[in-house]
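The structure appears right after this line, and notes come after that.
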Amino acid sequence: MLHKFFLSASVLSLFFVGKSQQVFDFENLTLPSGNFWNGSDNSGSFGNSDLSFLNNYDETYASWYGFAYSSLTDVSTEGYENQYSTYAGVAKSGMKFGIAYVGTDWQNSYATIPSVCTFVTSTEPKNVFVTNATFTALEVLKSGGYSQFSEGDWFKLVIEGKNQNLSTGIVEYYLIDFRNSLTFVENTWHNIDLSELGTVSALEFHLESSDTGDYGINTPTYFCLDDLTYDIPTKTDTIGAPNCIVSPNPSSEFIQISNFGQIQNLNILDISGRVIMSNIQTETVSVSDLPRGLYFLTYIIDGKIESQKFSIF
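Quick look at the structure:
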């Protein structure tokens, strides 16, 4: 595991950054009457302290795109009125799940508008469970319907990682696949591995289909998701009297470290938290090549992380 240190020049403090795995399962969200939320309160998003699922709601047309959430599990009612149900017939866990509608940009050649989940801090997504929305599944299965699929058709979810607007990669999954004589329509919760996307500040969820026309994708651009798992950085600080002493302090040539035999993971960091010397193995350290300024000696003793600041002149 990689460890990174952040220190403040004004206080003797050390922050150890690790990882804490979290799962967003939609269960802590409040459902209004009707058993779904679609953004009609104009809040623009939902989530927790780590992340936000973005929502766009149009009061004029009572329509939305982006993310909503629901507890509806009707797998038999056809049509737009059943746009908030999961075709799996149950949430992945608990009673609630997310539902995404990938919008269409009517003024830009009917390009799709991805549904977006943003993170407060850079995050490592691990996995998410996805399935079809009932509306989409029944439309492609409907005999003679506008969106009916035939041999060779497909409907695909594409998840793209973004880190400060730069792509970190994509993962794909065919929610519906009629290629090679298949008639596959996902009706269970499928686990998608997101770990290859690395560190992201946002996830963009795109939908693509083989069935397109003059107005973009004919397939209803909905899917359901649940149990998004991700790692977030955690910080623990320890402040107190040091168990070793740096002398002379300030120094221009070398520093002597007391209690050297009792400490581990000895490092020197500059004021920005960048490691200048790592895994120091001697109690006398030459600092003559370091620029003037404030530095921190960091170490572990009795299982605790401590730091000692010193100056070079």
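With my numbering applied, the sequence shown corresponds to residues 1354 to 1666, in that order.
Just so it is clear, CB atoms sit at the ideal spot from N, CA and C, and this is done for glycine as well.
(request) Tell me whether E1504 sits in a helix, a strand or coil according to DSSP, three-state version. (result) Indexing the sequence shown from 1 puts residue 1504 at position 151. Residue state for E1504 is assigned as coil, using DSSP reduced to three classes.
(request) Tell whether a beta-carbon distance below 8 Å holds between D1584 and T1476. (result) The sequence position of residue 1584 within the sequence shown is 231, counting from 1. The sequence position of residue 1476 within the sequence shown is 123, counting from 1. Yes, they are a contact pair.
(request) Determine the contact status of L1547 and V1455, defining contact as a CB-CB distance below 8 Å. (result) Position 194 of the sequence shown, counted from the start, is the residue given in the question as residue 1547. Position 102 of the sequence shown, counted from the start, is the residue given in the question as residue 1455. No. Outside cutoff.
(message) In the DSSP assignment, the beta strand (DSSP E) including A1486 goes from what residue to what residue?
(response) Locating residue 1486 in the sequence shown gives position 133, counting from the first residue. Boundaries cannot be given for A1486, as no beta strand (DSSP E) includes it and DSSP labels it neither H nor E.
(request) Give a yes or no on whether the C-beta atoms belonging to F1537 and I1545 are separated by under 8 Å. (result) Start at 1 with the first residue of the sequence shown, and residue 1537 comes out as number 184. Start at 1 with the first residue of the sequence shown, and residue 1545 comes out as number 192. With contacts defined as CB atoms closer than 8 Å, F1537 and I1545 fail to qualify as a contacting pair.
(request) Using three-state DSSP, classify V1493 as helix, strand or coil. (result) The count along the sequence shown starts at 1 and reaches residue 1493 at position 140. Annotated three-state conformation of V1493 is helix, per DSSP.
(request) Check whether the stretch 1368-1388 touches the stretch 1568-1581, taking contact to mean three or more Cβ pairs, one atom from each stretch, closer than 8 Å. (result) When C-beta atoms of the stretch 1368-1388 are compared with those of the stretch 1568-1581, three or more pairs fall below 8 Å, so the two segments count as touching.
(message) Suppose the cutoff is 8 Å on Cβ atoms and the five residues either side in sequence are ignored; what does the same chain contact list for V1524 look like?
(response) Here residue 1524 refers to the residue found at position 171 of the sequence shown. Cβ within range, chain order: V1511, I1512, I1545, D1546, L1547, E1549 and L1550.
(request) Might you give, ordered along the chain, the residues of its own chain that have their beta carbon closer than 8 Å to the beta carbon of P1644, omitting 5 neighbours on each side? (result) For the purposes of this step, residue 1644 is taken as the residue at position 291 of the sequence shown. Annotation for P1644: I1665 place their beta carbon closer than 8 Å to its own, counting only its chain and skipping 5 residues before and after.
(request) Please name the residue, chosen from V1628, N1618 and L1425, that lies closest to F1389 on a Cα-to-Cα basis. (result) Position 36 of the sequence shown, counted from the start, is the residue given in the question as residue 1389. Comparing alpha-carbon positions, the option among V1628, N1618 and L1425 lying closest to F1389 turns out to be L1425.
(request) Going by DSSP, name the residue or residues bridged to A1415. (result) Position 62 of the sequence shown, counted from the start, is the residue given in the question as residue 1415. None, per the DSSP bridge assignment.
(request) State whether the stretch 1493-1500 contacts the stretch 1603-1611, with contact taken as three or more CB pairs (one from each stretch) at a distance under 8 Å. (result) When C-beta atoms of the stretch 1493-1500 are compared with those of the stretch 1603-1611, fewer than three pairs fall below 8 Å, so the two segments do not count as touching.
(request) Determine the direct distance from the alpha carbon of S1393 to that of P1467, and round the result to whole angstroms. (result) Numbered from its first residue, the sequence shown carries residue 1467 at position 114. Numbered from its first residue, the sequence shown carries residue 1393 at position 40. Rounded to the nearest angstrom, the gap between the Cα atoms of P1467 and S1393 is 19 Å.
(message) So, at 8 Å on beta carbons, what are the nonlocal neighbours of P1601 in its own chain, with the 5 sequence-adjacent residues on each side left out?
(response) Here residue 1601 refers to the residue found at position 248 when the sequence shown is read from its first residue. Closer than 8 Å at Cβ, skipping near neighbours: I1608 and Q1609.
(request) Identify, in the order they occur along the chain, each residue of the same chain with its Cβ nearer than 7 Å to the Cβ of S1496, setting aside the five sequence neighbours on each side. (result) Here residue 1496 refers to the residue found at position 143 when the sequence shown is read from its first residue. Cβ neighbours of S1496 beyond the five flanking positions: none.
(request) Mind checking who D1546 pairs with in its DSSP beta bridge? (result) Within the sequence shown, residue 1546 is the residue found at index 193, counting from 1. Residue pairing for D1546: DSSP places it in a beta bridge opposite N1480.
(request) Please check the pair A1486 and I1452, which I expect to be a contact at CB under 8 Å, by giving their CB distance rounded to whole angstroms. (result) In the sequence shown, residue 1486 corresponds to position 133, counting from 1. In the sequence shown, residue 1452 corresponds to position 99, counting from 1. Between I1452 and A1486 the Cβ distance is about 6 Å, and since that is below 8 Å, they are a contact.
(request) Measure the C-alpha to C-alpha separation of F1531 and N1408 and round it to an integer number of angstroms. (result) In the sequence shown, residue 1531 corresponds to position 178, counting from 1. In the sequence shown, residue 1408 corresponds to position 55, counting from 1. Approximately 31 Å, taken between the alpha carbons.
(message) Per DSSP, what are the beta-bridge partners of T1565 in this structure?
(response) Taking the first residue of the sequence shown as 1, we reach residue 1565 at position 212. Its beta-bridge partners are I1570.
(request) Report yes if the CB atom of K1445 is closer than 8 Å to the CB atom of S1423, and no otherwise. (result) Here residue 1445 corresponds to residue number 92 of the sequence shown, with the count starting at 1. Here residue 1423 corresponds to residue number 70 of the sequence shown, with the count starting at 1. No. Outside cutoff.
(message) Taking the alpha carbon of S1416 as the reference point, which residue from D1403, Y1433 and F1406 has its own alpha carbon closest?
(response) As a position in the sequence shown, residue 1416 is number 63, starting the count at 1. The residue with the shortest Cα to Cα distance from S1416 is Y1433.
(request) Just grab the DSSP bridge partners of I1512 for me. (result) Against the sequence shown, residue 1512 aligns to sequence position 159. Answer is V1524 and F1558, bridged to I1512.
(request) Determine the extent of the beta strand (DSSP E) in which I1616 is found, giving its start and end residues. (result) Indexing the sequence shown from 1 puts residue 1616 at position 263. No residue range can be given for I1616, since it is assigned to no beta strand (DSSP E) and is classified by DSSP as neither H nor E.
(message) Given a cut-off of 8 Å on the beta-carbon distance, is the pair S1639 and T1651 in contact?
(response) The residue labelled residue 1639 in the question sits at position 286 within the sequence shown. The residue labelled residue 1651 in the question sits at position 298 within the sequence shown. Judged by their CB atoms, S1639 and T1651 are not nearer to each other than the 8 Å cut-off.
(message) Comparing C-alpha positions only, which one of I1629, C1597, N1518 and C1470 sits nearest to I1653?
(response) For the purposes of this step, residue 1653 is identified with residue 300 of the sequence shown, where counting begins at 1. For I1653, the closest C-alpha among the options I1629, C1597, N1518 and C1470 is that of C1597.
(request) Could you say which of S1402, Q1436 and N1516 lies nearest to G1387 if we only look at CA atoms? (result) Translated into positions along the sequence shown, residue 1387 becomes position 34. The shortest C-alpha to C-alpha distance from G1387 to any of S1402, Q1436 and N1516 is the one to Q1436.
(request) Label A1464 either buried or exposed according to how many other C-beta atoms from any shown protein chain fall within 10 Å of its C-beta, with 16 as the threshold for buried. (result) Residue 1464 sits at position 111 when you count from the first residue of the sequence shown. The residue in question, A1464, is exposed, as its Cβ has fewer than 16 Cβ neighbours within 10 Å.
(request) Take the Cβ of E1492 as the centre, count every other Cβ of all protein chains shown within 10 Å, and call the residue buried at 16 or more, exposed below. (result) Counting from 1 along the sequence shown, the entry for residue 1492 is found at position 139. E1492 is buried by the Cβ-count criterion.
(message) Does Y1408 come out as helix, strand or coil in the three-state DSSP assignment?
(response) As a position in the sequence shown, residue 1408 is number 55, starting the count at 1. Reading the sequence as shown, one finds Asn at residue 1408 and not Tyr. Of the three classes helix, strand and coil, the one that applies to N1408 here is strand, per DSSP.
(message) Taking only three categories from DSSP, how would you classify Y1454?
(response) Mapped onto the sequence shown, residue 1454 falls at position 101. Here Y1454 sits in strand by DSSP.
(request) Would you kindly work out how many angstroms separate the C-alpha atoms of G1505 and E1431, rounded to a whole number? (result) The residue labelled residue 1505 in the question sits at position 152 within the sequence shown. The residue labelled residue 1431 in the question sits at position 78 within the sequence shown. G1505 and E1431: Cα-Cα distance of roughly 23 Å.
(request) Would you decide whether L1647 is buried or exposed? Buried here means 16 or more other CB atoms lie within 10 Å of its CB. (result) Position 294 of the sequence shown, counting from 1, holds the residue named residue 1647. L1647 is exposed by the Cβ-count criterion.
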